[in-house]
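Engineer:
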Amino acid sequence: MVKFSKELEAQLIPEWKEAFVNYWQLKKHIKKIKLSRKSKQTQQVLNHEFGVSIFDPVRFFACKFSNYFFRSDSKTEIIQVRRKTMEEGDHHEEIYQTELLQLFSEEDEVRVFFERLDEELNKVNQFYKDRESELLERGELLNKQLQILLDLKQILNNRRRKPNAAGVFNNLSSWSSSPRNSNYSETTNETNDNSGESSEADEVIAALEKNGVNFINSGSRSKTKKGKPKMAMRIDIPATTPTRTISAITSMLWEDLVNNPKKEAAPAGDFINKKKVQCAEKMIRGAFVELYRGLGLLKTYSSLNMVAFTKILKKFDKVANQQASASYLKAVKRSHFISSDKVVRLMDEVESIFTKHFANNDRKKAMKFLRPQQQKESHMVTFFVGLFTGCFVSLFSVYAILAHLSGIFKPNTERSYVETVYPVFSVFALLSLHLFMYGCNLFMWKSTRINYNFIFEFQPTTALKYRDAFLICTTFMTSVVASMVIHLLLRANGFSPTHVDAIPGILLLIFMALLFCPFDIFYRSTRYCFLRVIRNIICSPFYKVLMVDFFMADQLTSQIPLMRHLESTACYFLAGSFRTHRYETCQNGRLYRELAYVISFLPYYWRAMQCARRWFDECDVNHLANMGKYVSAMVAAGARLTYARQENHLWFGIVLVTSALATVYQLYWDFVKDWGLLNPKSKNLWLRDDLILKNKSIYYISIALNVVLRVVWVETVMRFRFNIVESRMLDFFLASLEVIRRGHWNFYRLENEHLNNVGKFRAVKTVPLPFRETDSDG
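For the sequence shown, this note's numbering begins at 2 and goes up steadily by one.
1. Give me the Cα-Cα distance between Val708 and Phe574, rounded to the nearest whole angstrom.
2. With a Cβ-Cβ cutoff of 8 Å, do Arg689 and Leu710 count as a contact?
3. For the alpha helix (DSSP H) containing Phe389, name the first residue and the last one.
4. Mind checking whether Ala737 and Leu431 have CB atoms under 8 Å apart?
5. Measuring only the C-alpha atoms, how far is Met513 from Leu532?
6. Decide if Thr462 is buried, meaning its Cβ has at least 16 other Cβ atoms within 10 Å, or exposed.
7. Going along the chain, which residues of its own chain have a beta-carbon closer than 7 Å to the beta-carbon of Leu13, five neighbours each way excluded?
8. Going along the chain, which residues of its own chain have a beta-carbon closer than 8 Å to the beta-carbon of Trp652, five neighbours each way excluded?
9. Excluding the 5 residues flanking Thr558 on each side, which residues of the same chain have their C-beta closer than 7 Å to its C-beta?
10. Just verifying my parser: in three-state terms, what is the DSSP assignment at Val82?
11. Could you tell me the alpha carbon to alpha carbon distance between Val382 and Cys441, rounded to whole angstroms?
12. Inspect the beta-carbon positions of Val765 and Gly295 and report whether they are closer than 8 Å.
13. Taking just the CA atoms, how far does Asn452 sit from Asn758?
14. Given that a residue counts as buried once 16 or more other Cβ atoms are within 10 Å of its Cβ, and exposed if not, what is Lys312?
15. Given this structure, state the Cα-to-Cα distance separating Cys612 from Leu668, to the nearest angstrom.
16. Could you tell me how far apart the beta carbons of Arg468 and Val386 are, in whole angstroms, since I believe they sit closer than 8 Å?
17. Tell me whether Ala11 sits in a helix, a strand or coil according to DSSP, three-state version.
18. Tell me the rounded alpha-carbon separation between Lys315 and Val713.
19. Can you give the Cα-Cα distance for Lys276 and Lys357, rounded to whole angstroms?
20. Output the distance between the C-alpha atoms of Cys530 and Gln460, rounded to the nearest integer angstrom.
21. Under the three-state reduction of DSSP, which class applies to Glu458: helix, strand or coil?
22. Name, in chain order, the residues that DSSP records as bridge partners for Tyr644.
23. Grab me the residues of Val632's own chain with a C-beta within less than 8 Å of its C-beta, minus the 5 sequence neighbours each way, in chain order.
24. Does Glu619 get closer than 8 Å to chain C when you measure Cβ to Cβ?
25. Pick helix, strand or coil for Phe653, following the three-state DSSP scheme.
26. Between which two residues does the alpha helix (DSSP H) carrying Leu443 extend?
27. Can you name the start and end residues of the alpha helix (DSSP H) that Thr475 belongs to?
28. So, is Glu138 buried or exposed, given that buried needs 16 or more other C-beta atoms within 10 angstroms?
29. How would you write the range of the alpha helix (DSSP H) that Gln556 sits in, first residue to last?
30. For the alpha helix (DSSP H) that Gly677 lies in, which residues bound it at each end?
31. Report yes or no: do the segment 28-43 and the segment 120-139 share at least 3 C-beta pairs separated by less than 8 Å?
32. With Thr301 as the anchor, note down where its alpha helix (DSSP H) starts and where it stops.
33. Please look up how many angstroms separate the CB atoms of Ala483 and Leu547, rounded, as I've assumed it's under 8 Å.
34. Express the C-alpha separation of Phe552 and Pro780 in angstroms, rounding to a whole number.
35. Is the CB-CB distance between Asn126 and Ser336 below 8 Å?
36. Would a C-beta distance cut-off of 8 Å place Val333 and Met307 closer than the cut-off?
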């Protein structure tokens with residue numbers, strides 16, 4: 002049977018862990034009571050051995066009678082829990098305080114236990130009230146947003162039913178901005194011709210104004226009777242992606258061009274169209290889903306804490322040989338986090354609203370959104386991971402033997418194999434290694450209960466699990482090594498090099514086709530999510546940066562060798578060099594040298610642009626400082642590339658200075674900003690106060706390892722002399738070390754992000770809403 006402490010640890014909400022009952026601390030207090038009872042019983046036995054009194058039989062029967070009396074009469078109260086109301090400004094806080102009505106033999110320990118228990122009850126109660134009020138306010142706001150959406154959809158339906166109602170829709174701004182008692186007939190002739198439609202639109206606008214919605218025109222000011230500007234509500238869809246921005250602007254301009262060809266285009270911010278309303282509906286639907294999820298978490302919080310109080314009080318009764326749980330549990334059940342039914346009622350209301358307005362009265366469909374069922378982990382995935390791992394090891398052993406027998410890696414052999422085949426296969430090898438490290442990250446994040454799905458905003462139903470990552474990794478490597486074996490066998494048997502050397506290119510095309518495959522096979526949701534993130538990284542300055550975007554951009558900064566190999570492979574096959582085996586065409590050209598700089602700069606440039614955009618959105622100077630880190634990395638990478646072509650003392654000094662400065666900059670940011678370590682005031686020496694891993698030495702080892710892996714650029718400066726095969730193997734080894742360093746960095750980066758969410762009790766995503774109040778003067 003699993004102990005409740007482990008069960009509570011597994012079920013509690015990680016971001017709210019500090020707000021739960023500290024069950025483990027209360028168990029320590031009970032243990033102290035138990036030890037105190039044993040020590041006093043031992044003392045009584047010693048006193049009895051060294052001195053016998055004639056009153057001992059009387060004391061013995063009195064003690065037995067007292068124990069029997071208190072154990073049999075459950076109505077006898079030995080504690081009394083009082084509830085006090087504290088007023089602090091506009092807030093009323095209920096505080097529970099326990100008084101001991103019976104003197105225990107362990108009076109001090111018992112008093113400390115109940116004081117601690119009262120603190121936990123007050124903490125849970127207050128936290129529940131705070132979260133409940135936030136969710137109730139969010140629910141009221143969403144109801145207003147939904148009502149506005151329904152009114153706007155009514156306008157669109159009226160417009161769709163009546164062909165001549167275009168003027169009704171397009172002139173909403175002018176109707177609302179003009180005073181109701183003015184001679185509106187002078188503003189437009191179109192409205193006079195459609196007086197019936199105008200009155201209908203006035204009714205719709207009146208309904209919207211009841212919800213605080215006014216359609217305003219940027220060229221005029223709508224004022225109240227007192228002359229003060231009205232608060233207006235406009236559709237404000239955040240342009241989170243370039244595609245959404247372009248489509249929104251295009252649709253608005255097209256609507257205005259079709260419906261008002263003779264008029265000037267209306268301001269984009271004041272124009273309402275079907276596309277924006279559909280986007281608003283999607284945002285409100287997502288907000289309701291997150292609200293329901295937050296209500297479910299709060300309900301779980303209440304039930305787990307109730308069980309924790311029940312369990313700990315039963316332990317106290319058993320140790321203290323008293324019946325105090327019944328009296329205290331009555332107070333717990335009367336407390337707000339148990340007695341309040343607002344969360345349950347709001348959950349029922351959200352279910353009915355979502356079913357009616359977002360699921361066409363199909364409750365089963367609505368529950369798929371509100372309560373998504375996570376896919377069960379299949380044993381087949383584990384089986385195939387083991388199968389492909391075994392195949393990879395066997396095929397790699399065969400390849401190593403064949404390569405040794407054929408002598409293709411000997412220094413005196415031709416360079417065509419290393420220069421042509423190596424880049425393609427190294428791309429897959431580095432990618433598979435990165436996937437393997439990501440699978441290890443997923444395993445560690447799950448083991449330490451780091452909520453990576455919430456941090457990355459992944460859907461739990463489609464998010465990649467660590468077994469899936471290992472399956473993709475082993476599948477890749479098995480396919481690649483099998484292709485290498487086939488390539489080597491065909492090459493050794495005298496087949497035409499033109500046809501044989503096309504195998505790596507064919508393999509690359511197969512994997513590219515699988516990546517873009519539209520069919521729902523081989524983790525389509527994950528593949529498309531990856532493509533969307535890559536698209537967002539490329540268009541970095543033009544949209545709001547999310548956590549998953551800059552996290553993936555950081556991964557790309559560690560895969561510059563992979564990108565360089567992709568570039569040389571593309572050149573090799575597109576230029577037809579695989580037919581002539583003239584690999585010098587793609588290595589000695591001017592374009593190749595310029596592309597080397599571009600590819601080495603691109604990941605750092607994308608990451609720097611993300612920092613610039615975050616600074617623009619959040620006005621946080623730290624983002625500018627972070628951008629400086631990537632700019633310094635670009636300078637260092639450019640200096641190393643130039644030194645590789647111009648070996649002289651000047652460039653040697655420039656490389657040393659720029660690389661050393663960039664490395665110190667990066668190490669500082671890794672430890673202080675990304676990992677949150679090196680805090681001199683921390684209770685854990687030079688770490689941080691909160692640590693997820695219990696063994697502190699792991700953090701010190703990780704710091705040292707990160708320093709070592711950050712300075713592997715020294716090899717490019719020292720210029721060790723190797724033959725072509727050894728040089729390529731060394732390059733691959735150093736690139737692999739950088740991938741391993743990145744995977745190692747990933748765990749601590751997300752650990753720090755998770756602890757930041759825990760510190761702010763942030764367990765539910767805040768979805769931006771489409772209708773925002775704006776001052777008409779602004």
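By construction, the Cβ of each residue, glycine as well, lies at the ideal position given by its N, Cα and C atoms.
Structural biologist: Short version:
1. For this step, residue 708 is matched to residue 707 along the sequence shown. For this step, residue 574 is matched to residue 573 along the sequence shown. For Val708 and Phe574, the distance between alpha carbons rounds to 39 Å.
2. Walking along the sequence shown from the start, residue 689 turns up at place 688. Walking along the sequence shown from the start, residue 710 turns up at place 709. Result no, Cβ atoms of Arg689 and Leu710 do not sit closer than 8 Å.
3. Sequence index remark: in the sequence shown, residue 389 carries index 388 (1-based). Counting along the chain, the unbroken alpha helix (DSSP H) around Phe389 starts and ends at His380 to Ser407.
4. As a first step, residue 737 must be located in the sequence shown, where it is residue number 736. As a first step, residue 431 must be located in the sequence shown, where it is residue number 430. According to the sequence as given, residue 737 is Ser; it is not Ala. The answer is yes: Cβ separation under 8 Å.
5. By 1-based counting over the sequence shown, the position of residue 513 is 512. By 1-based counting over the sequence shown, the position of residue 532 is 531. Per the coordinates, the alpha-carbon of Met513 lies some 12 Å from the alpha-carbon of Leu532.
6. As a working note, residue 462 is residue 461 in the sequence shown. Residue environment for Thr462: exposed (fewer than 16 other C-beta atoms within 10 angstroms of its C-beta).
7. Within the sequence shown, residue 13 is the residue found at index 12, counting from 1. Counting only residues of its own chain and dropping the five nearest sequence neighbours on each side, Leu13 has a CB closer than 7 Å to the CB of Phe21 and Leu305.
8. As a first step, residue 652 is located in the sequence shown; it is residue number 651 there, counting from the start. Only Ala640, Thr643 and Tyr644 meet the Cβ criterion.
9. As a first step, residue 558 must be located in the sequence shown, where it is residue number 557. Shown here for Thr558: same chain residues with a beta carbon closer than 7 Å to its own, the five before and five after excluded, namely Pro604, Tyr605 and Arg608 in chain order.
10. The sequence position of residue 82 within the sequence shown is 81, counting from 1. Strand.
11. Indexing the sequence shown from 1 puts residue 382 at position 381. Indexing the sequence shown from 1 puts residue 441 at position 440. Cα-Cα distance, rounded: 16 Å.
12. Here residue 765 refers to the residue found at position 764 when the sequence shown is read from its first residue. Here residue 295 refers to the residue found at position 294 when the sequence shown is read from its first residue. Cβ distance < 8 Å, so Val765 and Gly295 count as in contact.
13. Here residue 758 corresponds to residue number 757 of the sequence shown, with the count starting at 1. Here residue 452 corresponds to residue number 451 of the sequence shown, with the count starting at 1. Each residue's Cα considered, the two are about 10 Å apart.
14. Along the sequence shown, read from residue 1 onward, the residue named residue 312 stands at position 311. Lys312 should be labelled buried.
15. On the sequence shown, residue 612 is found 611 positions in, with the first residue counted as 1. On the sequence shown, residue 668 is found 667 positions in, with the first residue counted as 1. Their Cα atoms are separated by approximately 18 Å.
16. For this step, residue 468 is matched to residue 467 along the sequence shown. For this step, residue 386 is matched to residue 385 along the sequence shown. Between Val386 and Arg468 the Cβ distance is about 6 Å, and since that is below 8 Å, they are a contact.
17. If you number the sequence shown from 1, residue 11 lands on position 10. The three-state secondary structure of Ala11, taken from DSSP, is helix.
18. Your numbering for residue 315 matches position 314 in the sequence shown. Your numbering for residue 713 matches position 712 in the sequence shown. The C-alpha of Lys315 lies about 59 Å from the C-alpha of Val713.
19. Position 275 of the sequence shown, counting from 1, holds the residue named residue 276. Position 356 of the sequence shown, counting from 1, holds the residue named residue 357. Lys276 and Lys357: Cα-Cα distance of roughly 22 Å.
20. By one-based count along the sequence shown, residue 530 stands at place 529. By one-based count along the sequence shown, residue 460 stands at place 459. Taking the straight line from one Cα to the other gives about 11 Å.
21. For this step, residue 458 is matched to residue 457 along the sequence shown. DSSP places Glu458 in coil when its eight states are reduced to three.
22. Against the sequence shown, residue 644 aligns to sequence position 643. Answer by DSSP bridge pairing: none, since Tyr644 is not bridged.
23. Position 631 of the sequence shown holds residue 632. The residues Tyr605 and Ala609, in chain order, have a CB closer than 8 Å to that of Val632 in the same chain once the five nearest residues on each side in sequence are set aside.
24. Among the protein chains of the structure shown there is no chain C, as only one such chain exists.
25. Along the sequence shown, read from residue 1 onward, the residue named residue 653 stands at position 652. Taken through DSSP and simplified to helix, strand or coil, Phe653 comes out as helix.
26. Translated into the one-based positions of the sequence shown, residue 443 becomes position 442. Segment Tyr423 to Ser448, the alpha helix (DSSP H) holding Leu443.
27. Residue numbering aside, residue 475 sits at position 474 when the sequence shown is read from its first letter. Where Thr475 is concerned, the enclosing alpha helix (DSSP H) stretches over Tyr467 to Ala493.
28. Taking the first residue of the sequence shown as 1, we reach residue 138 at position 137. Only exposed fits Glu138, as fewer than 16 other CB atoms lie within 10 angstroms of its CB.
29. The residue you call residue 556 lines up with position 555 of the sequence shown. Its alpha helix (DSSP H) spans residues Met548 to Thr558.
30. Reading the sequence shown from its first residue, position 676 is the one you call residue 677. Membership of Gly677 in any alpha helix (DSSP H) is not indicated, and neither H nor E is assigned to it by DSSP.
31. Cβ pair count under 8 Å is below three, so no.
32. Here residue 301 is taken as the residue at index 300 of the sequence shown, counted from 1. Annotation for Thr301: the continuous alpha helix (DSSP H) segment containing it runs Lys275 to Ala321.
33. Sequence index remark: in the sequence shown, residue 483 carries index 482 (1-based). Sequence index remark: in the sequence shown, residue 547 carries index 546 (1-based). Actually they are not in contact, since the Cβ atoms of Ala483 and Leu547 sit about 38 Å apart, beyond 8 Å.
34. Past the edges of the chain, shown from 2 to 779, lies residue 780, and the structure says nothing about it.
35. If you number the sequence shown from 1, residue 126 lands on position 125. If you number the sequence shown from 1, residue 336 lands on position 335. In this structure, Ser336 lies closer than 8 Å to Asn126 by Cβ.
36. Against the sequence shown, residue 333 aligns to sequence position 332. Against the sequence shown, residue 307 aligns to sequence position 306. Yes, the Cβ-Cβ distance between Val333 and Met307 is below 8 Å.
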